[in-house]
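A short worksheet on the structure shown next.
Numbering (the working numbering), first residue to last: 73 to 550.
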C-alpha cells in the first residue's frame, strides 16, 4: 500500500531541490570597493594639470567652445593618445582638475557642451582602466584679478553660495551616476579664505566653512542615488594644507555610506628643493636632493599618517612635484623618496604636471610632453617604481556607461601658482577625436523559463502519484 505521508514528503523535497539547483540566487546591487581598498589599489598618480582647469576673464569663447578654455594656458587639446601614454608609462590613476565657474549660466546650470567635453576626457581615462578623480578646481582658491573663484572658506560665502555649490555637484553627480568604482569625486581643490591666506587661515572661523562645504558635498552626491550612493568621495583640508592646526581643525563628514571617504592634501615641500629662486623667496633654494630634504619629508609623512589614523580615513596627496632646474636626475631621486615614504604609510601620490615641459632653463613641473608624447623617463620611471611595492591588486574592469538622452540644461600655494601659464609653453593644438562609443554598464536581466518548467514537471508527477494512490485506496475500501 502507498504511504501518503511518504509520497507527500518526497514530492516536497523534490520541488525544493529543483528550485535550489535551477534558480540563480538573487544578488544585491554590486557594492563599490571601500575607500581603503581604492587607495590601496592606486599606484602611481598623474595630474592632467592646466587643461580643463584653465580659466581667465580674458578668454573669449561662446557657449560650447570648450577648446578655447582647454588650450587657454598653452596646453594642447587632450587626446586618447595622451591618456594611453600615461597608462603605458605605468600610471594607474589620473586626477582631472576642472574649473566650472565660467561654464555655469545665470540659472546655475552647467553648459552642456562643457559637460560633454569633461565626460569625453573622463571616458578616455576610465576606458583605459585607470582610476579617475574628477573635481571642482579653480572655483576655489585665490580671488581677485582675473580669478574666477566663488567658493571660499568663509561662513558668509557658504550661506550665500551653498545652493549654487549643491546644484553644481548635483549636475556633475547625475552626469556620472552610472560609472563604476574607479571614478572618484573630489569636492573642491584648495579652498581658502577671502584674504587669500595660504597654509592656515587668518581666522579660525574658516575651518567651519570648509567643514560645512565638505559635508554639503557628501550629502549632495549621496542624494543623487545610483552608484553615487557608495561612490568613494574625496574631501580636502583648508587649502589642502598639512599644517598641524589645519589637520586638527578638519572634521571628516558624516556619511550614509560607511567607509567611502578619502581625505586629500597637497605637498610641494621641501620648498628649498622643489622651488626656484623666482617662485620661492622665503628660503634659499638648492638643486641637489639631500638628507635634510629627506628628513623634512619623513616628518611630513609621519604627521599625515597620524592624522589618517586618528580620523580613520585613508589619505592621498593629490598634488606634489618639483620645478625643473636642469636637475632631472635629482628630481628623480626626490620623487622616488617622496612616493616611497608616502607608500610606507599607506598614502598615495599624484604628480602635478602642468604641461610646462622644459629641458633647459628653470621652471615648469611637466614630466610629459603632451605634443610629442615623450617623457622625462628618469622622473616618471622613478615615480612608478617607487609606487609599485605599495600597490594592491587591480580593481575589476568596468565599462563606461553610455549616457541616456536627456534634456539639455543649460591652485596651489605661492610657488605652485607658477603652474598656470608661461610664454615658453606654447604648443600646437590638435583636433579632438570623436569620443568612442562605449558599452552601457548594466546587469543581466534575462528571464529563464527552464526552472519553472522543471517545477511544473515535478508537480505534475506528484499529482499523478497522488491520483493513483487515492484511486487505489478507494478501490480497497470497496
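We put the CB at the ideal spot given by N, CA and C, even for glycine.
- Cα-Cα separation, residue 293 to residue 325: Roughly 13 Å between the two C-alpha positions.
- Task: Kindly say whether residue 248, judged by its beta-carbon, lies nearer than 9 Å to any beta-carbon of chain B.
- Result: Going by chain labels, chain B is absent from the structure shown, which holds only one protein chain.
- When the Cα atoms are used, what is the spatial distance from residue 310 to residue 340? Each residue's Cα considered, the two are about 15 Å apart.
- Query: Could you give the C-beta distance for residue 165 and residue 304, rounded to a whole number, given that I count them as a contact under 8 Å?
  - Reply: That pair is no contact at about 12 Å.
- Task: Any chance you could list the alpha helix (DSSP H) runs of at least 4 consecutive residues sitting entirely within the segment 135 to 212, in chain order?
- Result: Here the runs fully enclosed are 138 to 142, 152 to 161, 184 to 198.
- Query: How about residue 150 and residue 171: do their beta carbons lie closer than 9 Å?
  - Reply: no
- Can you name the residues that DSSP bridges to residue 446? 441
- Hey, could you find the ends of the beta strand (DSSP E) residue 117 is sitting in? Unbroken beta strand (DSSP E) run through residue 117: 117 to 119.
- Message: Which residue marks the beginning of the beta strand (DSSP E) containing residue 423, and which one marks its end?
- Response: 420 to 423
- Would you mind sorting residue 274 into buried or exposed? The rule is 16 or more other CB atoms within 10 Å of its CB. exposed
- May I ask you to verify whether the segment 453 to 465 touches the segment 416 to 424, counting CB pairs closer than 8 Å and requiring at least 3? These segments touch.
- Message: Taking the straight line between their C-alpha atoms, what separation do you get for residue 413 and residue 455?
- Response: Distance between residue 413 and residue 455, taken at the CA atoms: about 12 Å.
- Determine, using beta-carbon pairs with one atom in the segment 225 to 241 and one in the segment 167 to 187, whether at least three such pairs fall under 8 Å. Result yes; three or more Cβ-Cβ pairs closer than 8 Å.
- residue 384 (DSSP reduced to helix, strand or coil): coil
- Query: Would you report the Cα separation of residue 252 and residue 109, rounded to the nearest angstrom?
  - Reply: 14 Å
- Would you call residue 312 buried or exposed, if buried means 16 or more other Cβ atoms sit within 10 Å of its Cβ? buried
- Message: Taking the alpha carbon of residue 351 as the reference point, which residue from 387, 213, 437 has its own alpha carbon closest?
- Response: 437
- Query: Got a sec? Which residues, its chain only, sit under 7 Å from residue 218 by beta carbon, not counting five neighbours each side?
  - Reply: Excluding residues within five positions, the ones whose Cβ falls inside 7 Å are 128, 129, 130.
- Going by other Cβ atoms of all chains shown within 10 Å of its Cβ, with 16 needed for buried, is residue 432 buried or exposed? exposed
- Query: For residue 265, is the classification buried or exposed, using 16 other Cβ atoms within 10 angstroms of its Cβ as the cut-off for buried?
  - Reply: Result: buried.
- Query: Who pairs with residue 308 in a beta bridge, going by DSSP?
  - Reply: Paired residues: 336.
- Task: Output the boundary residues of the alpha helix (DSSP H) element that contains residue 256.
- Result: Not the alpha helix (DSSP H): residue 256 falls in the beta strand (DSSP E), residues 255 to 258.
- Secondary structure at residue 131, three-state DSSP: helix, strand or coil? coil
- alpha helix (DSSP H) segment containing residue 232, residue limits: 227 to 247
- Query: Any idea if residue 225 is buried or exposed, counting beta-carbon neighbours within 10 angstroms, 16 or more meaning buried?
  - Reply: buried
- Go to residue 344, then tell me how far its alpha helix (DSSP H) extends in each direction, as first and last residue. First-last of the alpha helix (DSSP H) with residue 344: 343 to 346.
- Whole-angstrom C-beta distance between residue 334 and residue 388, which should lie under 8 Å: Sure, about 6 Å apart at Cβ, within 8 Å.
- Please say whether residue 180 and residue 116 have beta carbons closer to each other than 9 Å? no
- Message: On the DSSP letters alone, give me the boundaries of the alpha helix (DSSP H) that residue 403 sits inside.
- Response: Run containing residue 403: 400 to 416, per the alpha helix (DSSP H) assignment.
- For residue 530, does the three-state DSSP call read helix, strand or coil? With a pLDDT of 46 at residue 530, under the threshold of 50, the predicted position of this residue should be treated as unreliable, though the coordinate-derived value follows. Looking at residue 530 - three-state DSSP - the assignment turns out to be helix.
- residue 303 - containing alpha helix (DSSP H), residue span: Element bounds for residue 303: n/a, residue is neither H nor E.
- Item | Any 3 or more C-beta pairs closer than 8 Å across the segment 356 to 365 and the segment 375 to 385 | no
- Task: For residue 114, name the three-state secondary structure that DSSP assigns.
- Result: coil
- Beta-carbon separation of residue 345 and residue 279 under 9 Å? no
- Any idea if residue 402 is buried or exposed, counting beta-carbon neighbours within 10 angstroms, 16 or more meaning buried? Under a 10 Å Cβ-count criterion, residue 402 is classified as buried, with 16 or more other Cβ atoms of the shown protein chains found around its own Cβ.
- Same chain, Cβ closer than 8 Å to residue 373, neighbours up to 5 away in sequence not counted: 413, 414, 416, 417, 419
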